[in-house]
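Chemist:
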Amino acid sequence: MVIVMAPEASADEVEAIVSIVESAGGEAFVSRGVSRTIIGLVGDIDRFQTLGLRGKPGVAEVLRVSVPFKLVSRENHPTRSVVSVAGVPIGPDTLTLIAGPCAVETPQQTLAAARMAQQAGASLLRGGAYKPRTSPYAFQGLGEDGLRILADVRETTGMPIVTEVVDPNDVPVVARYADMLQVGTRNMQNFALLQAVGGCGKPVMLKRGMNATIEEWLMAAEYIAQRGNLDIVLCERGIRTFEKATRNTLDISAVPVAQGLTHLPVIVDPSHSGGRRELVLPLSRAAMAVGADGLIIDVHPAPEQALCDGPQALVADDLAELGRAVREFPPLVGRHLAAGAGVPA
Ligand code: PEP
Ligand code: MN
4 MVIVMAPEAS
14 ADEVEAIVSI
24 VESAGGEAFV
34 SRGVSRTIIG
44 LVGDIDRFQT
54 LGLRGKPGVA
64 EVLRVSVPFK
74 LVSRENHPTR
84 SVVSVAGVPI
94 GPDTLTLIAG
104 PCAVETPQQT
114 LAAARMAQQA
124 GASLLRGGAY
134 KPRTSPYAFQ
144 GLGEDGLRIL
154 ADVRETTGMP
164 IVTEVVDPND
174 VPVVARYADM
184 LQVGTRNMQN
194 FALLQAVGGC
204 GKPVMLKRGM
214 NATIEEWLMA
224 AEYIAQRGNL
234 DIVLCERGIR
244 TFEKATRNTL
254 DISAVPVAQG
264 LTHLPVIVDP
274 SHSGGRRELV
284 LPLSRAAMAV
294 GADGLIIDVH
304 PAPEQALCDG
314 PQALVADDLA
324 ELGRAVREFP
334 PLVGRHLAAG
344 AGVPA
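Following this note's numbering, the numbering of the sequence shown begins with 4 at its first residue and continues without gaps.
Shown next as structure tokens:
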């Protein structure tokens, strides 16, 4: 909320507003311009509205400044949320590791990747059955057969599953199998899909569009929330810049910026940002240092044979080091690795 003082308002009138706001438990920030003074208020807006500020001497206007994303905004919900994915928390007290193959290819490959993920400390299994590919000639995913494989691997390992949906018509079938639905970067502004996952009854991971601003990302989350689903986790996965040395540019600042604007958890995908195996560990460390609530990482038992994104998949050796990092770093910042099947608390 902002109070615009009349040009002729006196210093005493400005001071009077400040003390009314402060005695109501708020903070008042006075900015004195050349022609007029404005006072920015921070605190309980509903309370401010009962103070009769509009009628006080020297006040010209009272403006209710509000962000356009109301349901996901931190303005009305200052406490950061925890989203539970089949009992696994993603939120401010934990670091949740989600890992698995980019795409579900076979039952053996998916199970092997899940075991690798679990050993590294992952409590959730990722894996795409519906793949949004740039080329129509590339492997498009196994569809419902892939979902069945994921469900079998969940049965064997106890790991809840996170999987992408690309078509609003597929939301019911994906929601039947998945514990969390993923909306990918290419679909961040597919509004029909956002509305469909908003009504699906399962948590949603919303990746940032590769060309989207943070505000557009939060507005996309608002579409999901508006359909009644507030179990949303945001995922920064790199944006398009002029830089060609990496697949995408990981916008590390987006993590604290988004966390300041929304109560929703924010995680990082270092695999799709860097696009190269050797960048995954340093980018993961950066993400944890900046306060990410989780990581989502590609792993594959035989990346040279992978049908999708092999060059960025971690193999057993890299995973040992990642496993150490996700166990050792979070306690330094007051978090712990989220527990799950095979991952002790
Ligand atoms: C993925 O996670 O498999 C994926 C396709 O990611 P993105 O949408 O970030 O490219
Ligand atoms: Mn991928």
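The beta-carbon is built from N, C-alpha and C at its ideal position, and this holds for glycine as well.
These numbers were taken from a predicted model, which means no experiment stands behind them.
Taking 7 Å as the cut-off, is the beta-carbon of His-303 closer than that to any non-hydrogen atom of ligand 2?
Modeler: Outside the cutoff, so no.
Chemist: Quick check: what's the CA-CA separation for Thr-244 versus Ser-276?
Modeler: Approximately 11 Å, taken between the alpha carbons.
Chemist: Can you tell me which residues form a DSSP beta bridge with Ser-76?
Modeler: Ser-76 pairs with Thr-265.
Chemist: Going by the beta-carbon positions, is the gap between Gly-202 and Gly-161 smaller than 8 Å?
Modeler: Not in contact: Gly-202 and Gly-161 (Cβ atoms no closer than 8 Å).
Chemist: Express the C-alpha separation of Cys-311 and Pro-139 in angstroms, rounding to a whole number.
Modeler: The alpha-carbon atoms of Pro-139 and Cys-311 are separated by roughly 13 Å.
Chemist: Nearest CA to the CA of Val-62: which residue from Thr-188, Lys-205, Ala-292, Gly-43?
Modeler: Closest option to Val-62, Cα to Cα, is Gly-43.
Chemist: Taking the alpha helix (DSSP H) that Gln-229 belongs to, which residues open and close that run?
Modeler: Segment 217-229, the alpha helix (DSSP H) holding Gln-229.
Chemist: For the alpha helix (DSSP H) that contains Phe-32, what are its first and last residues?
Modeler: Unbroken run through Phe-32 is the beta strand (DSSP E), 30-35; no alpha helix (DSSP H).
Chemist: For His-275, is the beta carbon positioned less than 7 Å from some heavy atom of ligand 2?
Modeler: Checking every heavy atom of ligand 2 against the Cβ of His-275, one is found closer than 7 Å.
Chemist: When the distance is taken between beta carbons, is Gln-185 closer than 8 Å to Glu-167?
Modeler: In contact: Glu-167 and Gln-185 (Cβ atoms closer than 8 Å).
Chemist: On a CA-only basis, which of Leu-284, Gly-146, Asp-155, Arg-129 is nearest Gln-111? Give me that one, please.
Modeler: Residue Asp-155 is the option with its Cα nearest to Gln-111.
Chemist: Within 10 angstroms of the Cβ of Thr-82, are there 16 or more other Cβ atoms? Answer buried if so, exposed if not.
Modeler: Answer is exposed; the Cβ neighbour count stays below 16.
Chemist: Would you mind stating whether Val-45 and Glu-25 have Cβ atoms separated by less than 8 Å?
Modeler: Taking 8 Å as the Cβ cut-off, Val-45 and Glu-25 do not qualify as a contacting pair.
Chemist: Would you mind working out which of Pro-171, Leu-237, Leu-233 sits nearest Trp-220, comparing C-alpha positions?
Modeler: Considering only alpha carbons, the answer is Leu-237.
Chemist: Taking Asp-301 as part of the beta strand (DSSP E), name the residues at either end of that continuous run.
Modeler: Unbroken beta strand (DSSP E) run through Asp-301: 297-301.
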